[in-house]
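Asker: The structure's right below; bear with me while I get my questions together.
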Amino acid sequence: MITDPDRFRQDKSPYERPNFPFRCGRLSFWGKPCGRGPSSEGSCGGVSECSPYFNNDRWECRRSVRSGGPCETGPLPDGKCCNQHAACKPIPSLRNYRARFTMLAAALVVALIAAFSFYGDDARAINTVNPGELSGAHSKFTSAGGCATCHEPHDQDAATWLKAAWSPGTLSQSCESCHTFDGAATAPHNETFKTAGGERQTKCTMCHTEHKGDNTSIVKLADQQCSACHEKAFESFSNGHPAFSDTYPSRRRTAIAFDHTNHFGKHFEDPRFVDRAPKDRCVTCHDAGLSGRNVPVKSFEQTCAGCHEDQIGGRELVVFALPEFEENPFDIAAVREACGPSVASLEQAGEIVDTVQERMADITEAAALKEDLKKLRFDLGMGDGDAPESDEEYESVSLEVLPATAIMLLGLEDGEDMAEYSEPVGELVMGMVESGGEALMEKVDGKPGAATLFSGLSSDLLHQVGCAWAANEEYEAPAEAVAGGWFADALSLRYRPVRHGDPVAKAWVDLAAAGGEGVSDDMRDTILSQSDGPGACVKCHSVNEVKDKPDSLQIAWSLGAVSKQRHVRYSHVPHLNLLGLGQACETCHKMDENAEFAASFKQFNPLEFASNFKSIDNQTCVGCHAEGEVRQECTLCHEYHNGHGFKHRMTEAGLPADIPSPKETGG
Amino acid sequence: MAQGRSSGAIVTFGVLSIAVFAAAAWASHKAWLDLGDPSIITGCVLLVIMLSLGFFNVRKRMSMVPLGSARFWLAFHVAAGLLAIAMFWLHAGLVWPIGLYERVLTFLFYLVSITGLLGYGISRMLPRRLAQTEIEIIYERIPAEIAEIREKVEALVFECTEKTGSDTVAKHYIGTLNWFFSRPRFWVSHVVGGDAAGHWLRGPGVAARRYLNDPEVEYFDQVIELGELKCLIDRHYACQGLLKKWLLVHVPLSMAVIIMAVWHFILVNVYSL
Chain C
1 MITDPDRFRQ DKSPYERPNF PFRCGRLSFW GKPCGRGPSS EGSCGGVSEC
51 SPYFNNDRWE CRRSVRSGGP CETGPLPDGK CCNQHAACKP IPSLRNYRAR
101 FTMLAAALVV ALIAAFSFYG DDARAINTVN PGELSGAHSK FTSAGGCATC
151 HEPHDQDAAT WLKAAWSPGT LSQSCESCHT FDGAATAPHN ETFKTAGGER
201 QTKCTMCHTE HKGDNTSIVK LADQQCSACH EKAFESFSNG HPAFSDTYPS
251 RRRTAIAFDH TNHFGKHFED PRFVDRAPKD RCVTCHDAGL SGRNVPVKSF
301 EQTCAGCHED QIGGRELVVF ALPEFEENPF DIAAVREACG PSVASLEQAG
351 EIVDTVQERM ADITEAAALK EDLKKLRFDL GMGDGDAPES DEEYESVSLE
401 VLPATAIMLL GLEDGEDMAE YSEPVGELVM GMVESGGEAL MEKVDGKPGA
451 ATLFSGLSSD LLHQVGCAWA ANEEYEAPAE AVAGGWFADA LSLRYRPVRH
501 GDPVAKAWVD LAAAGGEGVS DDMRDTILSQ SDGPGACVKC HSVNEVKDKP
551 DSLQIAWSLG AVSKQRHVRY SHVPHLNLLG LGQACETCHK MDENAEFAAS
601 FKQFNPLEFA SNFKSIDNQT CVGCHAEGEV RQECTLCHEY HNGHGFKHRM
651 TEAGLPADIP SPKETGG
Chain Y
1001 MAQGRSSGAI VTFGVLSIAV FAAAAWASHK AWLDLGDPSI ITGCVLLVIM
1051 LSLGFFNVRK RMSMVPLGSA RFWLAFHVAA GLLAIAMFWL HAGLVWPIGL
1101 YERVLTFLFY LVSITGLLGY GISRMLPRRL AQTEIEIIYE RIPAEIAEIR
1151 EKVEALVFEC TEKTGSDTVA KHYIGTLNWF FSRPRFWVSH VVGGDAAGHW
1201 LRGPGVAARR YLNDPEVEYF DQVIELGELK CLIDRHYACQ GLLKKWLLVH
1251 VPLSMAVIIM AVWHFILVNV YSL
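This is the structure:
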């Protein structure tokens, strides 16, 4: 017992082996354990008190001292201990239990991992592979393909799957199957930079993390991380950000040459127009409801038309004019056949009938009478063969010269050589007579806007005009043309714009601006002339040079200025919400009365621009966007990607079931 | 002296752990600044720490191999365990992650950590309390000791009945004391450091004493003296049992966490890197 100081003596104390897997079962019932404990495999080893020993033909009792030493009766004749007792059931030791629990836990975990490794394949499946819910957009577009939509090894065989653990990942390539950029996906900012960091390859996962939940942003980019490439590090926008350029934000010329200074300082102050002056200042013309990066200008009808609408319709374009001829270039017989008797020839026929009646009195003039009848039949369109010879000298009804557009249509070098233009003009007019508009359409085939250049031009009109001209007569319109559109006067074919934004007028202006084969400087000057013709368009719409096409120009028809600041983003919405409408715009946009605004529209380089407004500097923004005030992180104003878009197949896959795909609708 | 060496080892490994954590945090922050994936660094460090923590149990089974003293390994295990908790938070970035698998892993990791901290706490606290009993006893022998005390008590009761001719002590033993001597009692009180067993013995246990004559009192006092000895043995049983049994939770959970962490490591390499 514990009170015995000598209790650990070998003959008193059993040797404890706590690392054995089993212990005596009697102990579990708090009874006295037998001297000989269980075996290592868990069977009871204490059913007898001694281990009899066969010595000199006798069995000796070998009972331990602590159990009382050899017993008096000794072993049985067959060598069994006489003190036998019922075997107990050994119980596992604590160490054994621990090992069992550990193995059980390991087996359970392995089994659960195996069971749920690939159980289900969508973003919300309960499996051990799924590290969390996808964001809303991605979970929708990957529902069909499952994990393999982004993770290529997922659907591979076991060997390939395991091999992927040691292979470079392909996640970024998977992103490119849906996302597109204006540049290499793995290039910094999808651009090619010549700076030191420009050659670095990026991965989508550098800034984007998925599987963080349905409503979680997948973008994780802190200001400090921008310094991974941008060597010019600074603390924050309000502290150290490089100054905005001197031309910010009006680096590029606006599409419309609207001189704010001139209008607000001069025209709107003029007593004649003061009632038309914008009452709400900026938002009278700028649509704050559609504001985004820009606050778009309202339509022409809502803004400029109030004062300038009448200046659109009066700008006629002379597309073709019948020039002067030395000799009649037309085949009169063919013209008569195609056109029938003209008004003049019918009048002439009437005169001949009168003459024939007079000559019938004197039959002796039979020969002359025969000639008159032949001419009469011809004039009435009844004759066949060549036209009767006439003693009259040909006198061209027109003394006009070919307009520049006609020279372009006929492909002539200039319109002054009568010998050069007579035949092509004759062919064109005869074409007008025989096939109407087709003759003109053939002339512009292949040119920009060809389908629109003669849009709305009636073949009937052309036929009538052609017949008149071919008959060396002036065309007499049934009524004076007062509305816009195609019309002809005596010797010319003209177009008058119907309204602002007239497509035909725009097509001719575009053709002249684009230049190219057949478009002469004279034609360009004629059409783009601000003082006459449709060139009035370019009085307001800026004309810009085209990159890599030195002889080509482009008209800025759309209102919004095309910004080249791809990595800068700005929204007027929160600012307008905060500052309010009206004069609040002028908190940031302050007019510069000294700017040579108009001069910058007299040349074609859109980057040479003197804005009506002073440039905005950092401090204007820092007034609010500063430490402890409004947000000022880099990504608030800077867009990382360049031209991010989606592939069509992805947008199609993402359409809800009840909306037909573009393919189905033919779109 | 041994206590001092143990504390010194813990301090040493504690400082090393802090250094490892600082280095890992610095490297992961640098990777983050460089648009890399900081969780790769922290994850690899964490996995190595977990495996080395698991090696503590293996080392116990390989006591024949000179792999350093148990004190050294315990100090390492404690310091590395705390480092693992810190590294886990650095790695996950969250106290509670998003994915189901990661949540199970995190839950088990927290269980392992809590059981480990509790285990370390009781391994620091209970031995001191046991030392105050001024007896030493091997845990595996406690049932035998209790059986032996019970035999001795019963022998005293028999002798008392035979010698004094009174069965008062015997009746008291059968009615009251037998419950106490049959097996260890007042486990919770012993574990939390209470003296419910002593109170019981001094209350219901000695309640019959006033009804005994002098010869009976002599025997009865010997029985109570053995009862007080059993109280001490019961304390050893409760405390030593707790010192051993908490591992029944900690070790299997550790194994589960390590397996899950290895699978997590494989998945990350297959799917993400």
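Sequences listed follow chains C and Y, in order.
FYI, our numbering numbers position 655 of the first sequence as 655, with every residue one higher than the one before it.
To convert a position in the second sequence, counted from 1, into our numbering, add 1000.
Ideal Cβ placement from N, Cα and C applies to all residues, glycine included.
Do Leu1090 (chain Y) and Thr1133 (chain Y) count as a contact pair if the criterion is CB distance below 7 Å?
Answerer: Not a contact, by the Cβ cut-off of 7 Å.
Asker: Kindly confirm or deny that the segment 608-617 of chain C and the segment 247-258 of chain C touch, where touching means at least three C-beta pairs closer than 8 Å.
Answerer: At 8 Å Cβ cutoff, the stretches touch.
Asker: For the segment 1236-1255 of chain Y, list every residue whose C-beta sits within 9 Å of some C-beta in chain C, in sequence order.
Answerer: The segment 1236-1255 of chain Y vs chain C, Cβ under 9 Å: Gly1241, Lys1244, Lys1245, Leu1247, Leu1248, Val1249, Val1251, Pro1252, Leu1253, Ser1254, Met1255.
Asker: Is the segment 591-598 of chain C touching the segment 1005-1021 of chain Y in the sense that three or more CB pairs, one from each, lie closer than 8 Å?
Answerer: Counting Cβ pairs under 8 Å, fewer than three are found: no touch.
Asker: Distance cutoff 7 Å, beta carbons only. Does Ile312 (chain C) sit that close to anything in chain Y?
Answerer: Chain Y, which has no Cβ nearer than 7 Å to the Cβ of Ile312 (chain C), makes this no.
Asker: Below 8 Å, how does it come out for the segment 1254-1262 of chain Y and the segment 1031-1050 of chain Y: are there three or more Cβ pairs, yes or no?
Answerer: With a cut-off of 8 Å, the segment 1031-1050 of chain Y and the segment 1254-1262 of chain Y count as touching, because enough Cβ pairs lie within range.
Asker: Against Asp1034 (chain Y), what residues of chain C qualify as contacts under a CB-to-CB distance less than 7 Å, listed in chain order?
Answerer: The answer, in chain order, is Ala228.
Asker: For Trp1263 (chain Y) and chain C, any beta-carbon pair shorter than 7 Å?
Answerer: Yes, because at least one Cβ of chain C sits closer than 7 Å to the Cβ of Trp1263 (chain Y).
Asker: Relative to the alpha-carbon of Ile1142 (chain Y), which residue among C:Ala115, C:Ser238, C:Asp155, C:Pro14 has its alpha-carbon at the smallest distance?
Answerer: The shortest C-alpha separation from Ile1142 (chain Y) is found at C:Pro14.
Asker: Give me whichever residues DSSP pairs with Pro497 (chain C) in a beta bridge.
Answerer: Note: Pro497 (chain C) sits in no beta bridge, so no partner.
Asker: With a 10 Å radius around its C-beta and 16 neighbouring C-beta atoms as the bar for buried, classify Asp414 (chain C) as buried or exposed.
Answerer: It is exposed - the Cβ of Asp414 (chain C) has fewer than 16 other Cβ atoms within 10 Å.
Asker: Listing by chain order, which chain C residues have their CB less than 8 Å from the CB of Ser1028 (chain Y)?
Answerer: Neighbours of Ser1028 (chain Y) on chain C: none; closest Cβ ~13 Å, over 8 Å.
Asker: Buried or exposed: where does Met1064 (chain Y) fall if 16 or more other Cβ atoms within 10 Å of its Cβ makes it buried?
Answerer: Exposed, by the Cβ-count rule.
Asker: Express the C-alpha separation of Glu545 (chain C) and Glu633 (chain C) in angstroms, rounding to a whole number.
Answerer: C-alpha separation (whole angstroms): 37 Å.
Asker: Does the beta carbon of Lys609 (chain C) sit closer than 7 Å to a beta carbon anywhere in chain Y?
Answerer: At residue 609 (chain C) the sequence reads Phe, which differs from the Lys that was named. So no, Phe609 (chain C) is outside the interface.
Asker: Quick one: residues in its chain with C-beta nearer than 6 Å to the C-beta of Asp617 (chain C), no 5 flanking neighbours on either side, listed in chain order?
Answerer: Correct list, in chain order: Phe244.
Asker: Answer yes or no: does any C-beta atom of chain C fall closer than 7 Å to that of Asn1178 (chain Y)?
Answerer: So, not an interface residue.
Asker: Measure the CB-CB distance between Leu491 (chain C) and Ser398 (chain C) and report whether it falls below 7 Å.
Answerer: It is a contact, given that the beta carbons lie within the stated cut-off.
Asker: Identify the continuous beta strand (DSSP E) that holds Phe273 (chain C) and give its terminal residues.
Answerer: No beta strand (DSSP E) contains Phe273 (chain C), which DSSP labels as neither H nor E.
Asker: Chain Y beta carbons: is any one of them nearer than 7 Å to that of His151 (chain C)?
Answerer: At least one chain Y Cβ lies under 7 Å of His151 (chain C).
Asker: Name the chain Y residues whose beta carbon is nearer than 8 Å to that of Arg23 (chain C)?
Answerer: The answer, in chain order, is Glu1140.
Asker: By the 9 Å beta-carbon criterion, what residues does the segment 11-37 of chain C contribute toward chain Y?
Answerer: If the cut-off is 9 Å between Cβ atoms, the segment 11-37 of chain C has Ser13, Pro14, Glu16, Arg17, Pro18, Asn19, Arg23, Cys24, Arg26, Leu27, Ser28, Phe29, Trp30, Gly31, Lys32, Pro33 near chain Y.
Asker: Using a Cβ-Cβ cut-off of 7 Å, state whether Glu1154 (chain Y) counts as contacting chain C.
Answerer: Glu1154 (chain Y) does not count as touching chain C.
Asker: Going by DSSP, what residue range makes up the alpha helix (DSSP H) through Glu1159 (chain Y)?
Answerer: Where Glu1159 (chain Y) is concerned, the enclosing alpha helix (DSSP H) stretches over 1142-1164.
Asker: To the nearest angstrom, how far is the alpha carbon of Thr1115 (chain Y) from that of Ile1259 (chain Y)?
Answerer: Each residue's Cα considered, the two are about 18 Å apart.
Asker: Identify which residue in Y:Arg1071, Y:Asn1057, Y:Ala1147, Y:Ala1025 has its Cα closest to the Cα of Ile2 (chain C).
Answerer: It is Y:Ala1147.
Asker: Determine contact between the segment 132-144 of chain C and the segment 1224-1240 of chain Y, defined as no fewer than three beta-carbon pairs at a distance below 8 Å.
Answerer: Contact fails: fewer than three Cβ-Cβ distances are below 8 Å.
Asker: List the whole-angstrom C-beta distance separating Ala321 (chain C) from Pro424 (chain C), where the pair is believed to meet the contact cut-off of C-beta under 8 Å.
Answerer: Not a contact, Cβ separation roughly 14 Å.
Asker: Identify, in the order they occur along the chain, each residue of the same chain with its Cβ nearer than 8 Å to the Cβ of Ala1031 (chain Y), setting aside the five sequence neighbours on each side.
Answerer: The residues are Asp1037, Pro1038, Ile1040, Ile1041.
Asker: Report, in whole angstroms, the separation of the C-beta atoms of Gly213 (chain C) and Ile1098 (chain Y), which I expect to be a contact under 8 Å.
Answerer: With a Cβ gap of about 5 Å, Gly213 (chain C) and Ile1098 (chain Y) count as contacting.
Asker: Residue range of the beta strand (DSSP E) that Phe54 (chain C) falls in?
Answerer: Start and end: 53-55.
Asker: Kindly indicate which residue of Y:Asp1034, Y:Val1045, Y:Gly1014, Y:Val1015 has the alpha-carbon position closest to the one of Ala1024 (chain Y).
Answerer: Among Y:Asp1034, Y:Val1045, Y:Gly1014, Y:Val1015, the Cα nearest to that of Ala1024 (chain Y) is on Y:Val1045.
Asker: Mind checking who Trp486 (chain C) pairs with in its DSSP beta bridge?
Answerer: Trp486 (chain C) is bridged to C:Tyr495.
Asker: Is there a Cβ of chain C sitting closer than 7 Å to that of Tyr1110 (chain Y), yes or no?
Answerer: By this cut-off, Tyr1110 (chain Y) is not an interface position.
Asker: Exposed or buried, what is Gly1194 (chain Y) when buried is set at 16 or more other beta-carbons lying within 10 Å of its beta-carbon?
Answerer: It is exposed - the Cβ of Gly1194 (chain Y) has fewer than 16 other Cβ atoms within 10 Å.
Asker: Any residues in the segment 627-646 of chain C with a beta carbon nearer than 8 Å to a beta carbon of chain Y? Which ones, in chain order?
Answerer: Taking 8 Å as the Cβ-Cβ cut-off against chain Y, none of the residues of the segment 627-646 of chain C qualify.
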